[in-house]
Amino acid sequence: MAKTKLEEINRNIYDIKNKDEYDFKIKKGLTKEIIEEISKQKNDPDWMREFRLKALDVYNKLELPTWGPDISELNMDEIATYVRPKTGLSNSWEDVPEDIKSTFDKLGIPEAEKKSLAGVGAQYDSEVVYHSMKEDLIKQGVVYTDMETAVREYPDLVRDHFMKCVPVNDHKFVALHGAVWSGGSFVYVPKGVKVDIPLQSYFRLNSPESGQFEHTLIIVDEGASLHFIEGCSAPKYNKVNLHAGCVELYVKDNAYLRYSTIENWSKNMLNLNTKKAIVGKNAQVDWVTGSFGSKISMLYPMSILNGEGAKTEYTGISFAGKGQNLDNGFKVVHNAENTSSLVNAKSISKNGGKCTYRSLVRINEKAKNSKSSVSCESLMLDDISISDTIPVNDIRTDEVEFSHEAKIGKISDKTIFYLMSRGLSEEDAKAMIVRGFAYPISKELPVEYAVEMNNLINLELDGAIG
Amino acid sequence: MLLEINDLCVNAEDKEILKGINLKINKGEIHVIMGPNGSGKTTTANAILNNPAYTKIGGNIIFDGQDITNEKTDEIARKGVFMSFQLPEEIPGVSVTNFLKYAKNKVTGEPVKIFSFKEELKKYMEELNMNPKYMERSLNVGFSGGEKKKNEILQMLVLNPKLAILDETDSGLDVDAIKTVSKGIEMFKNENNAVLIITHNTKILHSLKVDYVHVLVNGKIVKTGTQELAKEIEENGYSKYKN
Amino acid sequence: MELLKLNETPVRTSRNFNINNIKLENISIPQEINNFNNMQVYGDESKVIIDNQNTKLNLTYGLGDFFTNQVSNNANKKIKIVIDKKLNKEIEIDFKFDKENNDLIDNIEIVAEEQAKGTVILKYVTEKNIQAFHNGVIRLLAKKNSKVNIIVANLMNESSNNFMSIENKVEDESKVNYTIVDFGGKNSITNYFSDLEGELSDNKLSTIYLGKDNQLFDLNYIGELRGKKSNIDIEVQGALKDNAKKHFKGTIDFKKGCKKATGNENEACMLLSDTAKSLALPMLLCSEEDVEGNHSSSAGKVGEKELFYIMSRGFELKEAMKLMVRAKFNKILDNIKNEDLKNEILDSIDKILD
């Protein structure tokens, strides 16, 4: 009991529940009527309403995955797919209602905005409540807004790209997303514009027995560059919440995009998110992912290297504790010559948690002279946890350099003894080794987030050792 | 008296290794334990720091007036015992600077001022002919054998223990590196601390003056003498003591 | 039978990755099984029982119900080999497919008694143009402290079909060395399962495969570590030319209780043409803390620098390629002490790469 309590105290900033107050909460379940009601509430243009209904059809036809974690406890009849907060969208924190603002304050979002971000979007339940970006970026033509505004104001751009990268029939939860999506961010970086300071969107799900289905669409035009950060959290409830967001990234020729995520959903969340990037000639997309929260996570960001010389890197860590089943990984498809991919995946399992690294590397016939190098490392912190590595390597032509390496094991007693001989307690020694293990990922994050990640690791380890 | 080992018996993986060791070390002294491979030298060092991989079945260890026989390793370290490892562990993702800063804080119990600490580190590294770039590299990762050993000496200087145990720190080093290690020991040594060198060869004794030499054979100290004893062993080997 | 689905992996992954099982179309499966007479036993014949009664199979994995049942119920060769302390010569059984002996359904049981040591060679060859069908099961029980070497050589032609299920039970302190030479078959589908239940039990599995034309290899290797300090090493070296295809599924599964167990898996595929295809799923599953598991997998062309070096010494391209492939295979071929067999395998390599 004492342990659980400790964990709850430590998680407090993430766990603050606001009253379930809203302007509108759709009734639970998933029917044509409900979808039409969401569409009406959101003032969709016709094409979007039709899109949603078509997606619902696809959803009803597709089956649940026959692999991975058991998600049978998810009952869509018990989930409210749309919860509109009791406020509209503002571009000043002053206008955001006090309890919502105070939540984001505690998460450090307005603070980070001042210090190290070029723009911030904040979503609360199903709608974005705050969006703002620095003046000079607006002048350079950069667009950073909530997805609904984008549908209205950039209809052509949105229609050309919306769910083209991730088609609705990809899998069942993408179809669900297509039917009920709400909120999320839209970014357009014009040709040649380099955005030096990151933009960040933060997603907070407060309402119990509900889902968050934000849609993030980012277009980095030729020769442009961007660093985008996504954060997410929710307070813990007894029944499952669902997150089925969708991220579509278009990285055009010679462009660069780094997409960083610190995911810290509460441990009643099913995180069934889909992220994909289409990468043009000599362009590059880098994914940096820290996955700490959720009860079940199935998340496999994907890079499709369509342009000659396209590159991608994936750097990710998963940390599963008690009751968590984190099934994460990466997919890459090499479709053009001279493309390259580099994967560095790590996982830590403790206290009965389960981490799975699941992946695909596919090098197609046309991808001559491509390179791919994958490294996976898994750390087991006790003997009641589980760690699986399930990588598929699909090599369809000969002019390639492909290598894959994976390791699994525990922290060696010798290493612990070495550190203890320098005066560190056993707990300190383990924490130091684990932080070192996670360092290749934390060093890729902006410093505030690296600190947050280290705090999360300490917090998780307290539970394991205490 | 700084260290007193009484009738210490130690097993490693159910095998009897130390069969009643007695040793006394006073402040201001340098001791050497010599012995052939498998005689129990490394076990002695590990037993003093109470490595859980070794089991004590008899005897005790008194350090600075306190019984440390069953203390946890980190507490022994905080009381002022340091061990230079024969095979230092690699810790990816933890830089030499951060590690030492953290350890120094644990050992002294005082906050470490980063600027003066880095200066101190730089000074020691110069003395030990270490590339200052190593400060930011992961601890021991990708270090050569010699660099690892120098890094152990660096840690000794920074943590400034009362007793430094050097387990085969000289083995596998070339002449220049051994001189550097000796230099480190001389920098460290004063009348308030002590050094225990554990080695199977006598090379390091060419560049270092020691007070006592103990010969360890088959889990027991069979002879104690002065630097002269080391010379004798260098000439005649251990065979005389083996039976 | 039109579409056969077989050789399921122990853990499924996304269906889109096309590796959870293998689907075969239009495999002609013999309905009536005639006798198979072209079999030769060499070595200590007294240890080979030709009419084994213990034929009911209860495989943990196997290729699938159809294939297991066929061996269980309709085998035309039921053989038991006993390795005891008196065995002094290696045992070799050669199966030769010809016009009269077209279909082989063999059920082979090998028992290594406590403390015993021995080598068993099983060789499958086909006469030139026939279309043979082979479906076999090899079960091994390695009792305490035994040491067993098993070599399975599939040197069948490329119009035949080869199906094999292998299952080992490895007891305390016993050591099993398995070497598989997988060259033949239009389709060559193998399931290998090793249960390392014994403390300090050890299994080394080494495979070479070599494919040309439209050959397909589907290798599903599973090692379960249960015993304390148990160990498995899986080494797979292969080369593919033309449109040949290989699926490698290798699983090392650390089960709860296998403290201080170790597992290593290394799989390398040389692609000798731009239409050859290598699909690999090297899995590590772990539910025990104090273990060490490693796997590595690689695919690509023969190194151009090495090739250039060899050619600069006067070898023509084809010869240089052969040399490179042989070099990769050599370490595994060294497991085979029987020189005749080794030469036969080397000849096959030459022929396939011509």
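Sequence lines, in order, name chains A, B and C.
Residues in the first sequence are numbered from 1 upward in steps of one, following our numbering.
Residues in the second sequence are numbered from 1 upward in steps of one, following our numbering.
Residues in the third sequence are numbered from 1 upward in steps of one, following our numbering.
From the three backbone atoms N, C-alpha and C, an ideal C-beta is built for every residue, glycine too.
List the residues of chain C whose Cβ lies closer than 7 Å to the Cβ of residue i, in chain order.
| i | result |
| --- | --- |
| Pro69 of chain A | By Cβ distance, chain C contributes nothing, its closest Cβ being about 12 Å from Pro69 of chain A, past 7 Å. |
| Glu401 of chain A | Gly300 |
| Ser334 of chain A | Residue identity differs from the one stated: residue 334 of chain A is His in this sequence, not Ser. Here the premise fails: no neighbours, minimum Cβ distance about 12 Å. |
| Glu405 of chain A | Ser296 |
| Thr66 of chain A | Arg12, Arg15 |
| Arg358 of chain A | Thr13 |
If I follow the unbroken beta strand (DSSP E) through residue i, where does it start and stop?
| i | result |
| --- | --- |
| Asp388 of chain A | 386–395 |
| Phe173 of chain A | Premise fails: Phe173 of chain A lies in the alpha helix (DSSP H), 172–180, not in any beta strand (DSSP E). |
| Tyr439 of chain A | First-last for Tyr439 of chain A: 426–442, but that is the alpha helix (DSSP H), not the beta strand (DSSP E). |
| Asp253 of chain C | 245–254 |
| Gln86 of chain B | No beta strand (DSSP E) contains Gln86 of chain B, which DSSP labels as neither H nor E. |
| Ala345 of chain A | 340–349 |
| Pro282 of chain C | 277–286 |
Tell me where the alpha helix (DSSP H) around residue i begins and ends.
| i | result |
| --- | --- |
| Trp47 of chain A | 46–61 |
| Lys41 of chain B | 41–48 |
| Val181 of chain B | 175–188 |
| Thr149 of chain A | 147–153 |
| Ala53 of chain B | Neither: Ala53 of chain B is in no alpha helix (DSSP H) and is coded neither H nor E. |
| Val325 of chain C | 317–333 |
According to the Cβ coordinates, are residue i and residue j closer than 7 Å?
| i | j | result |
| --- | --- | --- |
| Met147 of chain A | Gly184 of chain A | yes |
| Gly185 of chain C | Ser160 of chain C | yes |
| Lys27 of chain B | Ala194 of chain B | yes |
| Val392 of chain A | Leu360 of chain A | yes |
| Asp84 of chain C | Glu113 of chain C | yes |
| Leu257 of chain A | Leu226 of chain A | yes |
| Ile395 of chain A | Ile363 of chain A | yes |
| Asp182 of chain C | Asn154 of chain C | yes |
| Asn356 of chain C | Leu63 of chain C | Outside the shown range of chain C (1 to 354) lies residue 356 of chain C, about which nothing can therefore be said. |
| Ile22 of chain C | Leu6 of chain C | yes |
| Asp286 of chain A | Glu313 of chain A | yes |
| Ile138 of chain A | Tyr188 of chain A | no |
| Gly436 of chain A | Ala103 of chain B | no |
| Ile204 of chain B | Ile221 of chain B | no |
| Thr389 of chain A | Leu59 of chain C | no |
What does residue i reach in chain A if we use C-beta pairs closer than 9 Å?
| i | result |
| --- | --- |
| Arg78 of chain B | Gly423 |
So with CB distances below 8 Å, who are the chain A contacts of residue i?
| i | result |
| --- | --- |
| Ser160 of chain C | Result: empty, since nearest Cβ-Cβ is about 26 Å, beyond 8 Å. |
| Gln155 of chain B | Arg422 |
At a CB-CB cut-off below 7 Å, which residues of chain A make contact with residue i?
| i | result |
| --- | --- |
| Asn51 of chain B | Phe417 |
| Met83 of chain B | Ser421 |
| Ser278 of chain C | Ile395 |
Mind pulling the chain C residues with CB within less than 8 Å of residue i?
| i | result |
| --- | --- |
| Ile408 of chain A | Phe254, Leu284, Cys286, Val291, Glu292, Gly293, Asn294 |
Taking beta-carbon pairs under 8 Å, can you tell me which members of the region 280–306 of chain C lie near chain A? Ala280, Leu281, Pro282, Met283, Leu284, Leu285, Cys286, Ser287, Glu288, Glu289, Asp290, Val291, Glu292, Gly293, Asn294, His295, Ser296, Ser297, Ser298, Ala299, Gly300, Lys301
In the region 373–398 of chain A, which residues sit with their C-beta less than 9 Å from some C-beta in chain C, listed in chain order? Cβ contacts with chain C: Val374, Cys376, Ser378, Met380, Leu381, Asp382, Asp383, Ile384, Ser385, Ile386, Ser387, Asp388, Thr389, Ile390, Pro391, Val392, Asn393, Asp394, Ile395, Arg396, Thr397, Asp398.
Using a Cβ cut-off of 8 Å, which residues of the region 432–444 of chain A contact any Cβ in chain B, in chain order? Met432, Ile433, Arg435, Gly436, Phe437, Ala438, Tyr439, Pro440
Kindly confirm or deny that the region 258–276 of chain C and the region 304–313 of chain C touch, where touching means at least three C-beta pairs closer than 8 Å. no
Could you name the residues of the region 284–301 of chain A whose beta carbon sits closer than 8 Å to any beta carbon of chain B, in the order they occur along the chain? Result list empty, no residue passes.
If you pair each beta-carbon of the region 225–233 of chain B with each one of the region 67–82 of chain B, do three or more pairs fall below 8 Å? no
If you measure beta-carbon to beta-carbon, which residues of the region 7–32 of chain C are closer than 7 Å to chain A? Answer in chain order: Val11, Arg12, Thr13, Ser14, Arg15, Phe17, Ile19.
Using a Cβ cut-off of 7 Å, which residues of the region 213–226 of chain C contact any Cβ in chain A, in chain order? Among the residues of the region 213–226 of chain C, none has a Cβ less than 7 Å away from any Cβ of chain A.
Residues, ordered as in the chain, of the region 414–426 of chain A that lie near chain B by beta-carbon distance below 8 Å: Lys414, Thr415, Phe417, Tyr418, Leu419, Met420, Ser421, Arg422, Gly423, Leu424, Ser425, Glu426
Under 8 Å: do the region 169–177 of chain C and the region 186–199 of chain C share three or more Cβ pairs, one atom per stretch? yes
Is the number of C-beta pairs between the region 162–172 of chain B and the region 131–139 of chain B that are closer than 8 Å three or more? no
Can you pull out the residues from the region 129–158 of chain C whose beta carbon lies closer than 9 Å to at least one beta carbon of chain A? none
Spell out a yes or no on whether the region 220–232 of chain A and the region 251–267 of chain A are touching, meaning 3 or more CB-CB pairs, one atom from each, closer than 8 Å. The answer is yes - the region 251–267 of chain A touches the region 220–232 of chain A, with three or more Cβ pairs under 8 Å.
For the region 147–161 of chain A, which residues have a CB atom closer than 9 Å to at least one CB atom of chain C, in sequence order? none
Is the region 6–18 of chain B touching the region 46–61 of chain B, taking contact as three or more C-beta pairs under 8 Å? yes
At least three beta-carbon pairs within less than 8 Å, the region 183–198 of chain A to the region 405–417 of chain A: no
Please list the residues of the region 265–276 of chain C that have a C-beta atom closer than 8 Å to any C-beta atom in chain A, keeping them in chain order. Residues are counted here when their Cβ sits less than 8 Å from a Cβ of chain A; for the region 265–276 of chain C these are Cys269, Leu271, Leu272, Ser273, Asp274, Thr275, Ala276, given in chain order.
I'd like to know if the region 299–310 of chain A and the region 327–347 of chain A are in contact, where contact means that at least 3 CB-CB pairs between them fall below 8 Å. yes
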